[in-house]
Amino acid sequence: MSSEENIKWINEQFKDTNELTMKTLEDDDKKAELFYIKPLINVELLQQIIIKPYFEMQSETKFIRYLKALPQFQDSKSQEQLKTEVLNGNVVLFIQNKFYLLDLKFSFNDQTNAASVETTIHGSQLALSDNIATNINIIRSDYHQPTLYVEYATIGQVNNHKMAIIYDKEKVNKNALKLITEKLQQVDKQVITSTVQLSNYINNKKLSLFPQLIMTERPDRIVYNLAGGKVIILVDGNPQALIAPVYFFDFMTSMEDNYHSFYISFFLKFLRYTGLFISLLLPGLYIGITSFAPEVFRTELALTIAGSRIGVPFSSFVEVLFMLFFMEMLLEASIRLPKSISATATTVGGLILGTAVTEASLASDIMVIIVSAVAISTFVIPINEMAFSIRVIRFIFILAATLLGLAGLTLALYAMIMYLVSIDSFGEPYLKFNEKKTSKTKAGEEI
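Each residue of the sequence shown is one higher than the one before, counting from 125 in the working numbering.
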């Protein structure tokens with residue numbers, strides 16, 4: 125193939141990405157072409173070991189001998205290898221009708237931290253950083269597809285924060301991408317400093333009870349969703365990304381599910397959905413049964429619960445509200461306190477509170493058990509935004525059970541399901557089942 129044909133072939137392979145950089149080095153009778161994806165390579169190293177020596181050496185033959193002596197040098201074997209190596213962060217040099225490869229990958233390990241919010245036992249422990257260029261590097265390092273597209277923009281009229289919209293051009297949901305872009309263009313705020321703030325402005329329904337975007341710190345979750353045709357939004361200075369559109373079931377999925385066998389993953393998902401219903405319904409069920417329909421329990425259990433409430437001066441509604449209110453305060457305190465003392469302070473506070481209220485007959489023993497079960501059940505929800513929503517919606521169920529008993533609880537559950545059916549996330553039904561989609565690289569590695 126001629127020089128022009130080779131260059132045309134490379135441009136054709138990367139036509140769907142806007143980050144392929146082509147640089148021509150020309151000096152007297154010498155000419156060379158460089159191809160690379162800028163976020164993936166060390167630009168300073170490129171300047172130091174390729175560009176500067178090229179112009180300092182008199183002949184191309186001498187320069188090629190110099191290249192072959194470099195530890196970063198690789199000889200190309202095929203065009204497909206060139207494509208793969210460019211996606212892996214290598215620089216392609218075309219000189220004297222031959223391609224040469226140099227490994228000049230940018231190392232981001234010293235700029236990242238371990239995941240602290242979405243922790244897992246298995247799989248990657250890497251989290252995003254505060255630098256948008258590093259984050260794009262991390263994503264590209266895990267998603268080796270030439271169709272990955274990155275759009276840059278600024279957000280905030282005063283601070284002009286840099287923002288990136290990332291998607292796979294072949295797989296992206298075109299309608300959702302259009303709606304997301306329109307929403308971002310409509311953001312008319314003086315200062316935007318975080319992804320949380322941005323998510324509030326582009327939310328479809330600002331008063332929605334359920335989150336319509338996922339906020340994540342995990343690159344593996346980002347890569348998984350890119351392969352599923354979703355859009356990623358990054359804001360410079362923030363170690364979280366926004367994912368849209370999303371479905372309700374996405375919030376109940378942990379990335380660790382991909383690292384376990386089918387049966388273990390199924391069991392873990394079952395635990396999460398069980399925890400979801402316990403967290404939502406258990407306080408309301410306690411009120412509905414003890415106040416309206418104690419005959420639902422077996423006689424022994426009904427007598428045990430009634431016996432534990434002897435001396436409690438409040439109705440079951442006030443008792444539940446009192447205990448849940450203090451539980452929420454303990455949860456909030458655990459977030460606000462310094463990490464070194466938060467676990468100790470909240471554990472001791474919970475033990476003292478639980479012991480004191482039962483001894484003072486302000487709450488029954490069974491109520492302490494219920495509150496503990498509700499707290500534990502809330503923690504099994506993988507995404508914090510959904511856990512916060514469930515904590516708020518729980519009080520609506522408590523109010524319904526207080527007014528109408530079990531019938532009110534049933535009506536509240538029915539109303540919640542109807543509400544979930546009625547809402548969407550950027551044109552996609554919120555209760556849609558998200559089929560697991562995977563993409564494979566040329567090496568056969570599953571993304």
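All C-beta atoms in this analysis are idealised placements derived from N, C-alpha and C, irrespective of residue type, glycine included.
Residues bridged to residue 419 (per DSSP): Residue numbering aside, residue 419 sits at position 295 when the sequence shown is read from its first letter. In DSSP, residue 419 forms no bridge with anything.
Local Cβ density within 10 Å of residue 650, reported as buried at 16 or more and exposed below that: What is shown of the chain runs 125 to 571, which leaves residue 650 out entirely.
Nearest candidate by alpha-carbon position, reference residue 541, set 408, 334, 467 and 180: On the sequence shown, residue 541 is found 417 positions in, with the first residue counted as 1. Ranking the options by Cα distance to residue 541, first place goes to 334.
Cβ shell of residue 282 (< 7 Å), same chain only, five flanking positions each side left out: Reading the sequence shown from its first residue, position 158 is the one you call residue 282. Counting only Cβ-Cβ distances below 7 Å, and skipping sequence neighbours, we find 314 and 315.
First and last residue of the uninterrupted beta strand (DSSP E) at residue 274: Here residue 274 corresponds to residue number 150 of the sequence shown, with the count starting at 1. 272–279 is the span of the beta strand (DSSP E), which, as asked, contains residue 274.
Residue 460 classed as buried or exposed, judged by whether at least 16 other C-beta atoms fall within 10 angstroms: As a first step, residue 460 must be located in the sequence shown, where it is residue number 336. Answer is exposed; the Cβ neighbour count stays below 16.
C-beta atoms of residue 366 and residue 319 nearer than 7 Å: The residue you call residue 366 lines up with position 242 of the sequence shown. The residue you call residue 319 lines up with position 195 of the sequence shown. Yes, they are a contact pair.
Own chain partners of residue 411 with C-beta closer than 7 Å, once the 5 adjacent residues on each side are dropped: Taking the sequence shown and counting its residues from 1, the one referred to as residue 411 is at position 287. Here the set comprises 440, 441, 444, 522, 525 and 526.
Counterpart residues of residue 169 in DSSP-defined beta bridges: By one-based count along the sequence shown, residue 169 stands at place 45. Residue 169 pairs with nothing; no bridge assigned.
Residue(s) in a DSSP beta bridge with residue 374: As a working mapping, residue 374 is identified with position 250 in the sequence shown. In the DSSP output, where bridge partners are listed per residue, residue 374 has none listed.
Sheet register partners of residue 317 (DSSP bridge): On the sequence shown, residue 317 is found 193 positions in, with the first residue counted as 1. Beta-bridge pairing links residue 317 to no other residue.
Spatially closest choice to residue 276 from 270, 257, 268 and 265, by CA coordinates: Sequence index remark: in the sequence shown, residue 276 carries index 152 (1-based). Checked all of 270, 257, 268 and 265; the closest Cα to residue 276 is 257.
Endpoints, beta strand (DSSP E) assigned at residue 236: On the sequence shown, position 112 is the one that residue 236 refers to. Run containing residue 236: none; DSSP gives neither H nor E here.
Same chain, Cβ closer than 7 Å to residue 325, five either side skipped, listed in chain order: Looking up residue 325 in the sequence shown gives position 201. Closer than 7 Å at the Cβ level, and outside the excluded window around residue 325, lie 311 and 313.
Contact under 7 Å by Cβ, residue 471 with residue 458: The sequence position of residue 471 within the sequence shown is 347, counting from 1. The sequence position of residue 458 within the sequence shown is 334, counting from 1. In this structure, residue 458 does not lie closer than 7 Å to residue 471 by Cβ.
Range covered by the beta strand (DSSP E) that runs through residue 198: Walking along the sequence shown from the start, residue 198 turns up at place 74. First-last of the beta strand (DSSP E) with residue 198: 197–199.
Backbone secondary structure at residue 291 - three-state DSSP: Indexing the sequence shown from 1 puts residue 291 at position 167. Reduced to three states, the DSSP call for residue 291 is strand.
At least three beta-carbon pairs within less than 8 Å, the segment 391–409 to the segment 496–512: yes
Simplified DSSP state of residue 191, which is helix, strand or coil: Taking the sequence shown and counting its residues from 1, one reaches residue 191 at position 67. If DSSP states are grouped into helix, strand and coil, residue 191 belongs with the helices.
First and last residue of the uninterrupted alpha helix (DSSP H) at residue 531: Your numbering for residue 531 matches position 407 in the sequence shown. 508–546 is the extent of the alpha helix (DSSP H) around residue 531.
Backbone CA spacing between residue 561 and residue 392 [nearest angstrom]: Walking along the sequence shown from the start, residue 561 turns up at place 437. Walking along the sequence shown from the start, residue 392 turns up at place 268. Annotation note: pLDDT 46 at residue 561 (below 50); position unreliable, no value reported.
Rounded straight-line distance, which links the Cα of residue 520 to that of residue 212: Locating residue 212 in the sequence shown gives position 88, counting from the first residue. Locating residue 520 in the sequence shown gives position 396, counting from the first residue. So the two alpha carbons sit approximately 51 Å from each other.
Touching by the beta-carbon criterion (3+ pairs, under 8 Å), the segment 211–225 and the segment 151–159: yes
Rounded straight-line distance, which links the Cα of residue 462 to that of residue 267: The count along the sequence shown starts at 1 and reaches residue 267 at position 143. The count along the sequence shown starts at 1 and reaches residue 462 at position 338. Taking the straight line joining both Cα atoms gives about 36 Å.
Cβ contact check for the segment 333–352 and the segment 376–384: 3 or more pairs under 8 Å: yes
Three-state secondary structure assigned by DSSP to residue 202: Position 78 of the sequence shown holds residue 202. In this structure, residue 202 counts as coil in the three-state DSSP scheme.
Rounded separation between residue 477 and residue 369 - CA only: Position 353 of the sequence shown holds residue 477. Position 245 of the sequence shown holds residue 369. Each residue's alpha carbon lies about 42 Å from the other.
Residue 212 - containing alpha helix (DSSP H), residue span: Taking the first residue of the sequence shown as 1, we reach residue 212 at position 88. Per DSSP, residue 212 belongs to no alpha helix (DSSP H) and is neither H nor E.
Inter-stretch contact at 8 Å, needing at least 3 Cβ pairs: the segment 292–303 / the segment 165–181: no
Residue 267, DSSP secondary structure in three states: In the sequence shown, residue 267 corresponds to position 143, counting from 1. If DSSP states are grouped into helix, strand and coil, residue 267 belongs with coil.
Local Cβ density within 10 Å of residue 261, reported as buried at 16 or more and exposed below that: Position 137 of the sequence shown, counted from the first residue, corresponds to residue 261. Flag for residue 261 reads buried.
Simplified DSSP assignment, three categories, for residue 248: Counted from its first residue, the sequence shown places residue 248 at position 124. DSSP places residue 248 outside both helix and strand once states are collapsed to three, so it counts as coil.
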